[in-house]
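Visitor: Have a look at this one before I ask anything.
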Amino acid sequence: MHKEKILVIGASGQIGVELTLALRKMYGAAQVVAADLREQNPLLAGTGPYVSLDVMNKEMLHVQVIRQNITQIYLLAAILSATGEKNPSLAWNLNMQGLLNVLDIAREEKLSKVFWPSSIAVFGPSSPRINCPQQTIIEPTTIYGISKYAGEFWCHYYWQRYGVDVRSIRYPGLISYKSEPGGGTTDYAVEIYHEALAKQSYNCFLKEDTYLPMMYMPDAIRATTELMEAAAERIAIRNSYNLSAMSFSPAEIAASIKRQLSAFSISYRPDYRQAIADSWPQSIDDSVARRDWGWKPQYDLDAMTEDMLLNLG
Ligand code: NAD
Ligand code: SER
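The numbering used here applies: residue 747 is where the sequence shown begins, and numbers increase by one.
Right under this line is the structure:
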């Protein structure tokens, strides 16, 4: 059987580190090449091959794909929502051109699969706020959301027109303890655990009742590998799948932490990220992912809190 060789672009980031480690467990260390613009994350050191690579440099990317006999690409390099609002043209350029470079090379080199994440950020203020469905009104108001929604159409186009087997998930906000988050609006839900342990208090940049869809990283990694392992005929959605695990507010995550660390307290000073959060749904309907490829989350808020505090403590 043809052995898969995987390139993870953006491997030093919040998702990239854990996804690379998980893929190395599944496929073997030598079969998964980590790539990033910045230096290798220390957690990846000694676990498998690493190349320094700019996804915007198509020629360099193409050479690496050929030289390393790559058969699959996971593209994680992107500018997230909060950083994107500070530099919209940079976010648009990286999020679009990076994807187009990967899709073009996948077509030319007949790669077996591509993974590219979208986000709950595709939804905007006119989308349903509760249990936002797979197909609905989608009018994003952040540059990040606009780039993700456009990217979804490019993925569908390359699948339909050229047969590129590209698969995608609209990740909710992701919470993890291994690598730092990279500039998103949902990052407060990571920072809060670090500050709870370091200072027993946290000053939150969102209001206390701001509900957002969230997921613990082990669920996100499992969702990604399950989607990529599923038989192609089960993948009916070729733009991007809604995905859900839990939904909570800053007040609720604070209460969950307080149940374990009774001295913890939270205060609120909302900033420009409040408007971004307010434009997104509070919860997501992921019944299509559950039906098509059997998605089911494992972690709820309290289980995640227990695991985060245990691992960061
Ligand atoms: P991150 O910012 O933590 O990591 C992105 C990585 O890409 C970084 O290591 C960065 O150095 C690298 N990168 C940036 N520009 C590059 C370039 N030109 N060439 C090569 N590498 C480059 O982001 P993340 O949180 O790991 O997100 C990964 C993907 O998942 C992104 O597409 C993001 O939009 C999506 N996503 C993330 C979340 C979340 O909560 N983390 C939620 C929804 C969607
Ligand atoms: N966690 C991401 C962000 O806040 C959602 O895509 O930008």
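Cβ coordinates follow ideal geometry from the N, Cα and C atoms, glycine included.
Mind checking whether the beta-carbon of L715 lies closer than 7 Å to any heavy atom of the ligand NAD?
Guide: Outside the displayed range of the chain (747 to 1059) lies residue 715, so it cannot be described from this structure.
Visitor: Restricting to Cα atoms, I'd like to know which of I983, E979, A867 and R813 is closest to T932.
Guide: In the sequence shown, the residue the question calls residue 932 occupies position 186. Closest option to T932, Cα to Cα, is A867.
Visitor: Given that a residue counts as buried once 16 or more other Cβ atoms are within 10 Å of its Cβ, and exposed if not, what is K832?
Guide: If you number the sequence shown from 1, residue 832 lands on position 86. K832 is exposed by the Cβ-count criterion.
Visitor: Under a three-way DSSP split, which group does N815 fall into?
Guide: As a working mapping, residue 815 is identified with position 69 in the sequence shown. DSSP places N815 in coil when its eight states are reduced to three.
Visitor: Would the beta-carbon of G870 fall within 8 Å of that of I884?
Guide: Walking along the sequence shown from the start, residue 870 turns up at place 124. Walking along the sequence shown from the start, residue 884 turns up at place 138. Yes, these two residues count as a Cβ contact at 8 Å.
Visitor: Residues around the ligand SER, please: the condition is that the C-beta lies closer than 5 Å to some non-hydrogen atom of it.
Guide: Chain-ordered list of matching residues: L826, S827, S865, A867, G919, G930, T931 and T932.
Visitor: For the ligand NAD, is there any heavy atom lying closer than 7 Å to the beta carbon of Q1028?
Guide: As a working note, residue 1028 is residue 282 in the sequence shown. No; taking the cut-off as 7 Å, the Cβ of Q1028 has no heavy atom of the ligand NAD nearer than that.
Visitor: What number of angstroms, rounded off, separates the C-alpha of E805 from the C-alpha of L799?
Guide: Taking the first residue of the sequence shown as 1, we reach residue 805 at position 59. Taking the first residue of the sequence shown as 1, we reach residue 799 at position 53. When rounded, the distance between both Cα atoms is 11 Å.
Visitor: Measuring CB to CB, does L789 end up less than 8 Å from S925?
Guide: Start at 1 with the first residue of the sequence shown, and residue 789 comes out as number 43. Start at 1 with the first residue of the sequence shown, and residue 925 comes out as number 179. Against a cut-off of 8 Å, the Cβ pair of S925 and L789 comes out as a contact.
Visitor: State yes or no: is the C-beta of L857 within less than 8 Å of the C-beta of Q818?
Guide: Indexing the sequence shown from 1 puts residue 857 at position 111. Indexing the sequence shown from 1 puts residue 818 at position 72. Yes, they are a contact pair.
Visitor: Can you give me the start and stop residues for the alpha helix (DSSP H) that F994 sits inside?
Guide: The residue you call residue 994 lines up with position 248 of the sequence shown. Looking at the DSSP string, F994 is not in any alpha helix (DSSP H); the run it does join, the beta strand (DSSP E), is M992 to F994.
Visitor: Quick check on the burial criterion: 16 or more other C-beta atoms within 10 angstroms. Buried or exposed for L822?
Guide: Within the sequence shown, the letter at position 76 stands for residue 822. Buried: at least 16 other Cβ atoms inside 10 Å.
Visitor: Are at least three pairs of beta-carbons, each pair with one atom in the stretch 969-985 and one in the stretch 774-788, less than 8 Å apart?
Guide: Short answer: they don't touch.
Visitor: Straight-line CA distance for V811 to D1031?
Guide: Your numbering for residue 811 matches position 65 in the sequence shown. Your numbering for residue 1031 matches position 285 in the sequence shown. Distance between the alpha carbons of V811 and D1031 is about 36 Å.
Visitor: My assumption, with CB atoms under 8 Å, is that V910 sits in contact with Y904. Please give the rounded CB distance.
Guide: For this step, residue 910 is matched to residue 164 along the sequence shown. For this step, residue 904 is matched to residue 158 along the sequence shown. Indeed they touch by this definition, with Cβ atoms about 4 Å apart.
Visitor: What three-state label does DSSP hand K1004 in the structure shown?
Guide: The residue you call residue 1004 lines up with position 258 of the sequence shown. Looking at K1004 - three-state DSSP - the assignment turns out to be helix.
Visitor: Measure the C-alpha to C-alpha separation of V848 and I921 and round it to an integer number of angstroms.
Guide: The residue labelled residue 848 in the question sits at position 102 within the sequence shown. The residue labelled residue 921 in the question sits at position 175 within the sequence shown. Approximately 27 Å, taken between the alpha carbons.
Visitor: Let me check one thing: in DSSP terms, what residues is V868 bridge-paired to?
Guide: Taking the first residue of the sequence shown as position 1, residue 868 is located at position 122. V868 is not bridged to any residue.
Visitor: According to DSSP, is I761 part of a helix, a strand, or is it coil?
Guide: Translated into positions along the sequence shown, residue 761 becomes position 15. It is helical.
Visitor: Using the Cα positions of I915 and T970, report the straight-line distance between them to the nearest angstrom.
Guide: Locating residue 915 in the sequence shown gives position 169, where the first residue counts as 1. Locating residue 970 in the sequence shown gives position 224, where the first residue counts as 1. C-alpha separation (whole angstroms): 8 Å.
Visitor: For W1039 and S1029, what's the separation of their Cα atoms in angstroms?
Guide: Counting from 1 along the sequence shown, the entry for residue 1039 is found at position 293. Counting from 1 along the sequence shown, the entry for residue 1029 is found at position 283. When rounded, the distance between both Cα atoms is 20 Å.
Visitor: Report the CB separation of M974 from K859 in whole angstroms; it is logged as a contact under 8 Å.
Guide: Here residue 974 corresponds to residue number 228 of the sequence shown, with the count starting at 1. Here residue 859 corresponds to residue number 113 of the sequence shown, with the count starting at 1. With a Cβ gap of about 6 Å, M974 and K859 count as contacting.
Visitor: Can you find a heavy atom of the ligand NAD that lies under 7 Å from the Cβ of V801?
Guide: In the sequence shown, the residue the question calls residue 801 occupies position 55. The answer is yes for V801.
Visitor: How about S990 and Y957: do their beta carbons lie closer than 8 Å?
Guide: Residue 990 sits at position 244 when you count from the first residue of the sequence shown. Residue 957 sits at position 211 when you count from the first residue of the sequence shown. Cβ atoms of S990 and Y957: not closer than 8 Å.
Visitor: So which of M960, Y820 and K1004 has the shortest CA-CA distance to V763?
Guide: The sequence position of residue 763 within the sequence shown is 17, counting from 1. Closest by alpha carbon: Y820.
Visitor: Is R770 helix, strand or coil when you go by DSSP?
Guide: Position 24 of the sequence shown, counting from 1, holds the residue named residue 770. Looking at R770 - three-state DSSP - the assignment turns out to be helix.
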